[in-house]
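Enquirer: The structure is given below, and queries will be raised subsequently.
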Amino acid sequence: MELKKQIEESAQFIGEKIRFVPSVGIILGTGLGALVDEIEIDRVIPYEEIPHFPVSTVETHRGNLVLGYISGKPVVVMQGRFHYYEGYDLKQVTFPVRVMKRLGAQVLLVSNAAGGMNRNMKRGDLMVITDHINLLGDNPLRGPNDPELGPRFPDMSLTYDRELRELALQIALENKIYLHQGVYVALPGPNLETPAEYRFLITIGADAVGMSTVPEVIVARHAGMRVFGISCITDLAIDGVVEPVSFEEIVNAAKEAEPKMTLIIKELVRRMTLT
Ligand code: HPA
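Taken in order, the sequence shown gives residues 7 to 281; the numbers are from my numbering.
Given below as structure tokens:
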């Protein structure tokens, strides 16, 4: 079925269950799960009930679309995201972003866990994403373009909204939270990087590496949404010196950083201006 028709059917199914227009879309990655507790919940819809939604397979990512309010603003929240390494194609990975936009979301907030490669970084630190590098070897916009969804060749020069970044830095400063700013690079995974790969990623100008976010951000920009992204630094590879790390350690580091991340996103939603 045509992408637009699928989006339409998904959005209609969700829209019938709510009586408000969610203006902010949020993707809760590793390390931001606790934000759910800050939502004044109106509806929780498991992904498997939503027409055309893929179903999540990773244990740490629960698969629900949560609709409600954060700091008084109507939100649509993905509790759990879809990863390329799970076997989904990038159209599936990004489909929920299309639906969020169709429901009325003007802004997309994304979080993730990432490996830190900048020598100033420590485990558990947060990084505001200023730019990204797509090394997935694939693109969610590949194939025929529907001009009603966005332009064939979307501009990516202003991908991460400056106003939202500045607001986040201000919030962090007021709350004595240290925020890095840097470039996120996405690789397909699921393995972590070799020392040679880390050295390569540092050389090309990346500060943090992960396996998500870039596809969703590309689609959000294609759809004309404003984007804010934040990474939790869960492990380090500085100067290409890699400490062995387990998935549990990554999840634990993300959990420790969760309160900081939650505060920033919650305040960001409260203070952001919507049109
Ligand atoms: N590399 C890739 N993805 C990750 C990492 C990493 O070091 N840490 C958390 N997600």
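Just so you know, even glycine gets a beta-carbon here, dropped at the ideal spot from N, CA and C. In this text the structure is predicted, and so the values were computed from the model without any measurement.
(1) Within the present structure, is the beta-carbon of threonine 100 separated from the nearest heavy atom of the ligand HPA by less than 7 Å?
(2) For the ligand HPA, is there a heavy atom less than 7 Å away from the beta-carbon of valine 83?
(3) State yes or no: is the C-beta of arginine 227 within less than 8 Å of the C-beta of proline 160?
(4) Give me the residue from Tyr91, Ser237, Val103, Ile76 with the minimum Cα distance to glycine 143.
(5) Is any heavy atom in the ligand HPA found nearer than 7 Å to the beta carbon of valine 215?
(6) Can you give the Cα-Cα distance for histidine 138 and valine 27, rounded to whole angstroms?
(7) Rounding to the nearest angstrom, what Cα-Cα distance links phenylalanine 253 and isoleucine 239 in this structure?
(8) Apart from the five residues just before and just after isoleucine 210, which ones in its own chain have a Cβ nearer than 8 Å to its Cβ?
(9) Ignore the nearest five residues each way along the sequence and tell me which others in valine 72's own chain have a CB closer than 7 Å to its CB.
(10) Rounding to the nearest angstrom, what Cα-Cα distance links tyrosine 53 and lysine 261 in this structure?
(11) For the ligand HPA, any of its heavy atoms closer than 7 Å to the Cβ of alanine 119?
(12) Starting from the C-beta of glycine 74, find all residues in its chain whose C-beta is less than 6 Å away, skip the five residues before and the five after it, and write them out in chain order.
(13) Which partner residues of arginine 49 appear in the DSSP bridge assignment?
(14) Three Cβ pairs or more, each shorter than 8 Å: is that satisfied between the stretch 108–116 and the stretch 199–210?
(15) Which word fits proline 80, buried or exposed, when buried means at least 16 other C-beta atoms lie within 10 angstroms of its C-beta?
(16) Quick check on the burial criterion: 16 or more other C-beta atoms within 10 angstroms. Buried or exposed for valine 247?
(17) Going by the beta-carbon positions, is the gap between valine 225 and leucine 193 smaller than 8 Å?
(18) Tell me whether arginine 277 sits in a helix, a strand or coil according to DSSP, three-state version.
Expert: In brief:
(1) Every heavy atom of the ligand HPA is 7 Å or more from the Cβ of threonine 100, so no.
(2) Valine 83 Cβ: outside cutoff for every heavy atom of the ligand HPA.
(3) yes
(4) Tyr91
(5) yes
(6) Spanning the two alpha carbons is a distance of roughly 30 Å.
(7) 13 Å
(8) Ile139, Val191
(9) In the same chain as valine 72, and ignoring 5 residues on each side of it, the C-beta atoms closer than 7 Å to its own belong to Val42, Ile45, Ile47, Val50, Val83, Gln85, in chain order.
(10) 24 Å
(11) yes
(12) Ile45, Glu46, Ile47, Asp48
(13) Leu73
(14) no
(15) Proline 80 should be labelled buried.
(16) Exposure of valine 247 is indicated by the presence of fewer than 16 other C-beta atoms within 10 angstroms of its C-beta.
(17) Not closer than 8 Å, so no.
(18) helix
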